[in-house]
Structure formats: C-alpha cells, structure tokens
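What follows is a single structure, written as structure tokens, with notes after it.
Residue numbers (the working numbering): 89 to 484.
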C-alpha cells in the first residue's frame, strides 16, 4: 500500500487542527500534480449535559492525536468533526446522518456509550463508515456482525469474569452481595458478575437493586448487613455507588467493595479518600487510568501539559483509537471501504495495549486492570489477562 504523504504545507491547518472544518483540509501538491484529499475523522459521544464528563476527556485525547499527526508536515492533515450525542441514543440516532452523509468523514472515534452505539450502528454500517469505539463495552454490540464495528476494549462479560476472578483469588470470597443501580449498564454488569461468581462456587447471598433516583439506600444496606457477606459487588455508576458505599461503611459493613468501570471516577475516589477509607476497594476496567509504561507516561504528560488535568478512564484508549485510524489513512486508505478493510487486518501497538480485531470486530487480547485506592489516588493493583490474575507490585 502506498503511504499517503503530504507534498506541501497546507495553509494554517496544522495550527488550527482542533477547529478544522473538513472542507479546509485538502490542498494542492507541488506543481499541482497531486493533492491531499480533504479527509476528516468524526468524534461521536456526549459532550454536553449530565454525561459530558464521560465524553469530553476522550475528545481531548482525540485532539492530541490529531495535533501530533497534523504537526508532521510530511503527512496530509486530517480534520475533525464532533457530534454531541449527550449520551442519549435518541439524540445520536437523530443526528448521526450529519456524519454519515459527510463524504469527507472516513472514520469514527466512538461512539462513547453502548446505548448510542447500538442505536447508530445500523446507519454506520449502511454508510460503510468504520468506527473504533474506545469505551462502549456492552457484549451485545458485536452479536449482529456489522462490518464497520471495531472496539479496542474488552466487553462487560469479560470484565465480569476479570472482577470475579480477582474477588475469588484475592479475597477468597465465599458469600457475596451483588447490587445494581437499576440502570441498563449496572444491571447487565451485576447479572454477569452474579453468573460468574455462581459458576465459581460462590454463594450470592443477596441480589438486589437500589433506586438511582434516591439518596437513601438504607433498605439495601440492611439487607446486605443481614446477609453476612464477605464482599460486595456493585454494578452501576458512581452517582448511586458513592452514597451506597458510604452508607454501607457507616452501617459497619466494611468488607471488600468491588465494582465496574462506572465507578472509576473522581467522585468515588474523593468519597473513599475522605469517608469510608475502605482499604479493600477493587474497581475493574478494560482501560488504563494510571500510566505504568514509558509511552503511557509520555501521553499522560502531554495531556496534563495541554489541559491541566490528568487523563481519565478510556482517555488512553481514545488516543489509541484516533491514532489507529490516522495510521490507516497514512498508509493510503483514504476511502471508507479501504480504511475498514485495513482495520480488519491490523496489528497495531497502542499506548494502552496491542490492538487487533477478530472477525466480529472485538479486541483479540483485551487487558483488564483492577484498581485500588491509595491515599487520594487510584492505583493499579492487578491485571487479568486471559482469565489469569496477576498482582501489580506497588510503585516505589
């Protein structure tokens, strides 16, 4: 494949990358014989409303990847289109044609959430527009094989196995409570963990849900306390998980508390650091949050230098998803069909992990990290690869 190289500097595209309109990306080559085709990537996710905190950090990663790419004067610049879904599948479905009908958009970073991905995937497939999601983890996304679907992270089903393996291996649990927050995500993850723990011979002594609209979870707390469990798994988001975990602690239930990536944010971190001080926190995620390698540290430093905050969960993966698509374009795949075919056979070393896809667009070798809390920071304490639990030694 002939690599796509820029032969001339195109206007001020490099300096204005984050705001580049797709139509401004192309430019004539020396002598007018060739030109850089006007190409763009689209970022699809929540950028406003209550879910913006999940989408905005990932968009910032995409902007870094594009800035680095477009700063290389030997490369054809690539523009960026952003589509704000507000995290709502209905909004995503109503607006996705803004992306699919733009001929300059050849690839999508996202969508961020699973619900919006399920909603728009048929239209992306109809438009033959390849997508790489860095964060949508519902296992149902790949059940109906859509040729354009790719995700670089593991599914909730695999996450459930990873967290269950950690709980049985690290905490030697025999009786657990599995609680969810009533959301689609929370119930799905909790059900999967419940199934896996049961298969592992663990008694799920309490399986119930809390009301996400209420801040009083005393009924669930009493049920958990009365079940005499030696660990709790919570499936859901931190909006409900934070008060639930704190109320458990206040009631004297100080057993290990585990959860999925919906809990992996600053609200939960601040609550545990200032409140319960539970030393046995285990939050699983198919993501990098804390840099543990030189490439991850370099990306984290660039993120902090540019935005003044640390990257959050799935930020590293969004950076990889963007760079992956850009690499495909640099390799000469400048149509949607070419880029999609290239993705299907790619072997790419990202900062988060090695990236390759199976025939359904799933990550071939996803890595799951278990995070604990030390002081006021998340710390990786273990990883689960292929079902095998590996402890991570504390940083010195």
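Ideal Cβ positions, reconstructed from N, Cα and C, are used throughout, including at glycine.
Remember, predicted model here, so these are calculated numbers, not experimental data.
Where residue 329 is concerned, the enclosing alpha helix (DSSP H) starts and stops at 326-338. DSSP lists 267 as the beta-bridge partner residues of residue 296. A straight-line Cα-Cα distance of about 8 Å links residue 353 and residue 401. Judged by DSSP in its simplified three-state form, residue 179 adopts helix. Partner residues in the beta bridge of residue 128, as assigned by DSSP, are 167, 193. The DSSP-derived three-state label of residue 223 is coil. According to the DSSP secondary-structure assignment, residue 472 is paired through a beta bridge with 456, 477.
At the C-beta level, residue 444 and residue 437 stay beyond 8 Å of one another. Taking a contact as a CB-CB distance under 8 Å, the pair residue 220 and residue 130 does not count as one, their CB atoms being some 11 Å apart.
DSSP places residue 187 in the uninterrupted alpha helix (DSSP H) bounded by 185-188. Sequence-distant partners of residue 461 (beyond 5 residues in either direction) whose C-beta falls short of 6 Å from its own C-beta, in its chain, are 360, 369. By the C-beta criterion, the stretch 250-259 is judged not to be in contact with the stretch 228-239, since fewer than 3 inter-stretch pairs fall below 8 Å.
In the structure shown, residue 204 adopts helical secondary structure according to DSSP, grouped into three states. A residue is called buried once 16 or more other Cβ atoms fall within 10 Å of its Cβ, and residue 447, having fewer, is exposed. Residue nearest to residue 412 within the set 280, 154, 182 is 154 (criterion: CA-CA distance).
Collapsing the DSSP output to three states places residue 240 in coil.
Bounds of the beta strand (DSSP E) holding residue 320 are 320-323. Here DSSP, grouped into helix, strand and coil, assigns residue 402 to coil. In the DSSP assignment, residue 347 falls within the unbroken beta strand (DSSP E) covering 345-347. Shown here, residue 291 sits in a strand according to DSSP, grouped into three states.
If you check the CB distance, residue 374 and residue 150 do not come in under 8 Å. Just so you know, the alpha carbons of residue 338 and residue 311 end up roughly 14 Å apart. Counting only runs of at least 4 residues, the stretch 368-423 fully encloses the following alpha helix (DSSP H) elements, listed from N- to C-terminal order: 382-395, 403-418. Between residue 320 and residue 264, the beta carbon gap of about 7 Å places them in contact (Cβ cut-off 8 Å). In the structure shown, residue 467 falls within a strand segment according to DSSP collapsed to helix, strand and coil. Between residue 127 and residue 194, the C-beta spacing is below 8 Å. One Cα belongs to residue 289, the other to residue 472, and the distance between them is close to 19 Å. The alpha-carbon of residue 468 is positioned some 18 Å away from that of residue 386. The stretch 238-254 makes no contact with the stretch 293-303, as fewer than three CB pairs between them are under 8 Å. In the three-state scheme derived from DSSP, where H, G and I count as helix and E and B as strand, residue 303 is classed as coil. Residues 203, 204, 207 of the same chain have their beta carbon placed closer than 6 Å to that of residue 177, with the five preceding and five following residues left out of the count.
Put simply, the stretch 418-427 does not touch the stretch 333-350. Fewer than three CB pairs are less than 8 Å apart.
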